[in-house]
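If you read the protein sequences in the order shown, they are chains A and B. Counting in the numbering used here, the first sequence runs from 12 upward without gaps. Counting in the numbering used here, the second sequence runs from 7 upward without gaps.
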Amino acid sequence: MNETNVLRDSPVYVVGIGLHRYQRRSDTTYVELGLTAARSALSDAGITWPDVEAAYTGTALLGMGSSRIMLSRLGATGIPMTQVENASASGSSSVAQACLEVASGRSDVVLALGVDKPRGGLGAAPSQAGIENLESGAVVPFTHFALLASEYMHLHGVTAEQVAKVALKNHRNGASNQYAQRQKVRTLDEILAEPISGAMTRLQCCPVGEGAAAVVVASEDGIRRLHLDRSRAVRIAASVTRTEGLYDAGVGIDAALTAETGSAAFDQAGLEPSDIDVLEVHDAFAIEELLYAEALGLCSPGEAASLIESGEFDLGGRCALSPSGGLLAMGHPIGPTGTGQVVEVTRQLRGEAGSRQHPGAQIGLTHMVGIGAVCVVHLLVSD
Amino acid sequence: MTVQARHPQLLRLTDPPIILGHQCIGCRRVAFPPDPYGCERCGSPREDLEELVLEAQGTVRAVATVHRHHQPSPATPFTVAVIQLTGGPVIKAIVAGAGVSVGTEVEGVLVQDVEDAEGNILVDLQFRVMT
Numbered sequence: 012m013n014e015t016n017v018l019r020d021s022p023v024y025v026v027g028i029g030l031h032r033y034q035r036r037s038d039t040t041y042v043e044l045g046l047t048a049a050r051s052a053l054s055d056a057g058i059t060w061p062d063v064e065a066a067y068t069g070t071a072l073l074g075m076g077s078s079r080i081m082l083s084r085l086g087a088t089g090i091p092m093t094q095v096e097n098a099s100a101s102g103s104s105s106v107a108q109a110c111l112e113v114a115s116g117r118s119d120v121v122l123a124l125g126v127d128k129p130r131g132g133l134g135a136a137p138s139q140a141g142i143e144n145l146e147s148g149a150v151v152p153f154t155h156f157a158l159l160a161s162e163y164m165h166l167h168g169v170t171a172e173q174v175a176k177v178a179l180k181n182h183r184n185g186a187s188n189q190y191a192q193r194q195k196v197r198t199l200d201e202i203l204a205e206p207i208s209g210a211m212t213r214l215q216c217c218p219v220g221e222g223a224a225a226v227v228v229a230s231e232d233g234i235r236r237l238h239l240d241r242s243r244a245v246r247i248a249a250s251v252t253r254t255e256g257l258y259d260a261g262v263g264i265d266a267a268l269t270a271e272t273g274s275a276a277f278d279q280a281g282l283e284p285s286d287i288d289v290l291e292v293h294d295a296f297a298i299e300e301l302l303y304a305e306a307l308g309l310c311s312p313g314e315a316a317s318l319i320e321s322g323e324f325d326l327g328g329r330c331a332l333s334p335s336g337g338l339l340a341m342g343h344p345i346g347p348t349g350t351g352q353v354v355e356v357t358r359q360l361r362g363e364a365g366s367r368q369h370p371g372a373q374i375g376l377t378h379m380v381g382i383g384a385v386c387v388v389h390l391l392v393s394d
Numbered sequence: 007m008t009v010q011a012r013h014p015q016l017l018r019l020t021d022p023p024i025i026l027g028h029q030c031i032g033c034r035r036v037a038f039p040p041d042p043y044g045c046e047r048c049g050s051p052r053e054d055l056e057e058l059v060l061e062a063q064g065t066v067r068a069v070a071t072v073h074r075h076h077q078p079s080p081a082t083p084f085t086v087a088v089i090q091l092t093g094g095p096v097i098k099a100i101v102a103g104a105g106v107s108v109g110t111e112v113e114g115v116l117v118q119d120v121e122d123a124e125g126n127i128l129v130d131l132q133f134r135v136m137t
């Protein structure tokens, strides 16, 4: 049986969500961060910890064995716990694993958690693969994306100011998100100040701090047995993970991989890009939001910058892009980020996003890419 | 005193310098950097990857000047480009000097990177506007 049939025949729902605010590294332990998000998600779902049958923890930076020391403080129930590492998409993959576990019938109620604390460097395995490159040491992620911005602006006649308007929007959205690391409305002048690399300035690069995000997923049986509020349950209509294939020389891998993964997710759910009301994408650098909006099929190549400028992707616009503030404003604590996207989209689809509510949101998408490269896309539907 | 490439597997210190890639004898795929493990297209092992000589010249596809860097070297600001080599592969490298923008034809030049106390020199490949 393929994944399509699993999710169609055995629907999986998000029934609880919780966050610990994303913030600069502090003395707060990861245990405290994770428990705050987990307790909040259990309470939101209206369940207790003994109802949870398995847990997946998305984390890339904590080191081995992080789950049990944390989650046993909710009660050492002895359930299976597994750490999930998929670089920036670790939290997305914790949701994917939880979803698969419920769809498979092994469990009815599973916790997907994302938690991390930054430490010096990312310790990425590809740099230890023994494959040398000319630019090693000179091209770090912000320059990789500054180069993609250079190519995009040249190809489509887009200006640096237009790219910066991605950050203008996302900082504005983040300003009304109590869980965001950056909660300040910015002017275009502020965003264009402090150059980092090429067109990318400090406020067009995401902050990497600490935090936690939690999602409880459940089956139909779980919802019935525990008498959960069905009206607040959001169905996971697609869960797709892909890795980088071989593309023609010079093709941007992040966007090509996103296009493949997005397309597979739309096929799995039987939905179209034009169905999307809200989405959270991997906008670690402002240029990425333009590339991924296009790669996911929301608009034609080269069109995203002018659509952002005209407010089509604002809250209340054609569809809300990065309503949480995205990685640029909400932040990118690595492990929690992908889980946190599912939290935000669920909140939007329930109509519980308060001043950030996108009117009439019924279908949402989450998207992360990670070093490797990997890509994870989920489609969520409020039935 | 010796003169060595910072990345000896990637370069031949000739004049003009040569970039080393590989070609798979199984599927004929050309790739850079040369891979020590196998072919990403057909899965042939490293024994089936032949060294391929690539001219250090091409066209700039993208360019960015870096203002913040986590290490003292290279010193900021420095400029990095995405270069479509005439031989096919697309690489990233530091560009030396001014006048490089998207579409510029560039060529490789060996630049002294580090010299130790014994006078041993490490050189690296950078690109400049074609003369």
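Glycine included, every Cβ here is placed at the ideal spot set by N, Cα and C.
Practice item. Kindly indicate the opening and closing residues of the alpha helix (DSSP H) around E112/A. Key: Counting from one through the first sequence, the residue named residue 112/A turns up at place 101. It spans S101 to A114 - the alpha helix (DSSP H) in which E112/A sits, taken as one unbroken run.
**Study point:** Contacts of N144/A in chain B (Cβ-Cβ under 9 angstroms)
**Key:** Residue 144/A sits at position 133 when you count from the first residue of the first sequence. Simply H13, L16, F38, P39, I97 and K98.
Check your understanding: Any Cβ of chain B within less than 9 angstroms of the Cβ of A384/A?
Key -> The residue you call residue 384/A lines up with position 373 of the first sequence. So, not an interface residue.
**Study point:** Between the CA atoms of S250/A and M12/A - distance to the nearest angstrom
**Key:** Within the first sequence, residue 12/A is the residue found at index 1, counting from 1. Within the first sequence, residue 250/A is the residue found at index 239, counting from 1. For M12/A, the pLDDT reaches just 42, beneath the cut-off of 50, and the residue's location in the model is therefore unreliable, leaving the point undetermined.
Review point. Do the stretch 348 to 366 of chain A and the stretch 198 to 212 of chain A touch if we need at least three Cβ pairs shorter than 8 angstroms?
Key: no
Review point. For V17/A, which of helix, strand or coil comes out of DSSP?
Key: Along the first sequence, one-based indexing puts residue 17/A at 6. Helix at V17/A.
**Study point:** Per-residue DSSP class, three states only, for A52/A
**Key:** The sequence position of residue 52/A within the first sequence is 41, counting from 1. In this structure, A52/A counts as helix in the three-state DSSP scheme.
Exercise for review: Please list the partners that P312/A has in chain B, where partner means a Cβ-to-Cβ separation under 7 angstroms.
Suggested key: Here residue 312/A refers to the residue found at position 301 when the first sequence is read from its first residue. Ordered by position in chain B, no residue passes the 7 angstroms Cβ test against P312/A, which lies about 16 angstroms from the chain.
Point to revise | Length-filtered (4 minimum) alpha helix (DSSP H) runs lying within the stretch 270 to 340 of chain A | key: 297 to 306, 315 to 320 and 337 to 340
Check your understanding: How about S393/A: is its C-beta nearer than 9 angstroms to some C-beta of chain B?
Key -> For the purposes of this step, residue 393/A is taken as residue 382 along the first sequence, with counting starting at 1. Not closer than 9 angstroms to any Cβ of chain B, the Cβ of S393/A fails to qualify, so no.
Practice item. Using alpha carbons as the reference points, say which of M136/B, I24/B, V120/B and S79/B lies closest to G103/B. Key: Counting from 1 along the second sequence, the entry for residue 103/B is found at position 97. Residue M136/B is the option with its Cα nearest to G103/B.
Point to revise | Alpha carbon of I374/A to alpha carbon of R367/A, nearest angstrom | key: For the purposes of this step, residue 374/A is taken as residue 363 along the first sequence, with counting starting at 1. For the purposes of this step, residue 367/A is taken as residue 356 along the first sequence, with counting starting at 1. Rounded to the nearest angstrom, the two C-alpha atoms are 16 angstroms apart.
Point to revise | chain B residues whose Cβ lies nearer than 7 angstroms to that of V150/A | key: Position 139 of the first sequence, counting from 1, holds the residue named residue 150/A. Under the 7 angstroms cutoff, chain B gives V86 and K98.
Exercise for review: Please name the residue in G116/A, T88/A and L122/A whose C-alpha comes closest to that of S103/A.
Suggested key: For the purposes of this step, residue 103/A is identified with residue 92 of the first sequence, where counting begins at 1. Checking every option, the nearest Cα to that of S103/A belongs to L122/A.
Point to revise | Separation of V86/B from H31/A, as counted between CA atoms | key: As a working mapping, residue 31/A is identified with position 20 in the first sequence. As a working mapping, residue 86/B is identified with position 80 in the second sequence. Those two C-alpha atoms are separated by around 38 angstroms.
Practice item. Specify, as a first and last residue, the run of the alpha helix (DSSP H) that P152/A falls within. Key: Here residue 152/A corresponds to residue number 141 of the first sequence, with the count starting at 1. Counting along the chain, the alpha helix (DSSP H) containing P152/A begins and ends at P152 to H167.
Check your understanding: Mind checking whether A100/A and G273/A have CB atoms under 9 angstroms apart?
Key -> Numbered from its first residue, the first sequence carries residue 100/A at position 89. Numbered from its first residue, the first sequence carries residue 273/A at position 262. No, Cβ-Cβ distance for A100/A and G273/A is not below 9 angstroms.
Exercise for review: Using a threshold of 9 angstroms, state whether the C-beta atoms of N97/A and G69/A are closer than that.
Suggested key: Taking the first sequence and counting its residues from 1, one reaches residue 97/A at position 86. Taking the first sequence and counting its residues from 1, one reaches residue 69/A at position 58. Result yes, Cβ atoms of N97/A and G69/A sit closer than 9 angstroms.
Review point. Does any CB atom of chain A fall closer than 9 angstroms to the CB of G94/B?
Key: Counted from its first residue, the second sequence places residue 94/B at position 88. True, the Cβ-Cβ gap to chain A drops below 9 angstroms.
Check your understanding: chain A partners of Q131/B, CB-CB under 8 angstroms?
Key -> Along the second sequence, read from residue 1 onward, the residue named residue 131/B stands at position 125. At residue 131/B the sequence reads Leu, which differs from the Gln that was named. Result: L145.
Point to revise | 9 angstroms Cβ cutoff met for G337/A and N181/A | key: In the first sequence, the residue the question calls residue 337/A occupies position 326. In the first sequence, the residue the question calls residue 181/A occupies position 170. For G337/A and N181/A, yes; Cβs fall inside 9 angstroms.
Check your understanding: So with Cβ pairs under 9 angstroms, would you call V115/B a contact of chain A?
Key -> Residue mapping note: residue 115/B aligns to position 109 of the second sequence, counting from 1. It does not: the Cβ of V115/B has no partner Cβ on chain A nearer than 9 angstroms.
Point to revise | Residues from the stretch 40 to 54 of chain B in contact with chain A, defined by Cβ distance under 7 angstroms | key: D41, P42, E46 and R47
Check your understanding: In chain order, what residues of the stretch 187 to 217 of chain A put their CB closer than 7 angstroms to some CB of chain B?
Key -> P206, I207, S208 and G209
Check your understanding: Using a Cβ-Cβ distance under 9 angstroms, would V69/B count as near chain A?
Key -> On the second sequence, residue 69/B is found 63 positions in, with the first residue counted as 1. Closer than 9 angstroms: yes.
Review point. Between V126/A and E53/B, what straight-line distance do the alpha-carbon atoms span, to the nearest angstrom?
Key: As a first step, residue 126/A must be located in the first sequence, where it is residue number 115. As a first step, residue 53/B must be located in the second sequence, where it is residue number 47. Looking at the two C-alpha atoms, the distance is approximately 43 angstroms.
Exercise for review: Mind checking which residues open and close the alpha helix (DSSP H) that includes R84/A?
Suggested key: Here the question's residue 84/A lines up with position 73 in the first sequence. Run containing R84/A: none; DSSP gives neither H nor E here.
**Study point:** Counted within 10 angstroms of its Cβ, other Cβ atoms place Q118/B as buried (16 or more) or exposed
**Key:** As a working note, residue 118/B is residue 112 in the second sequence. Classification for Q118/B: exposed.
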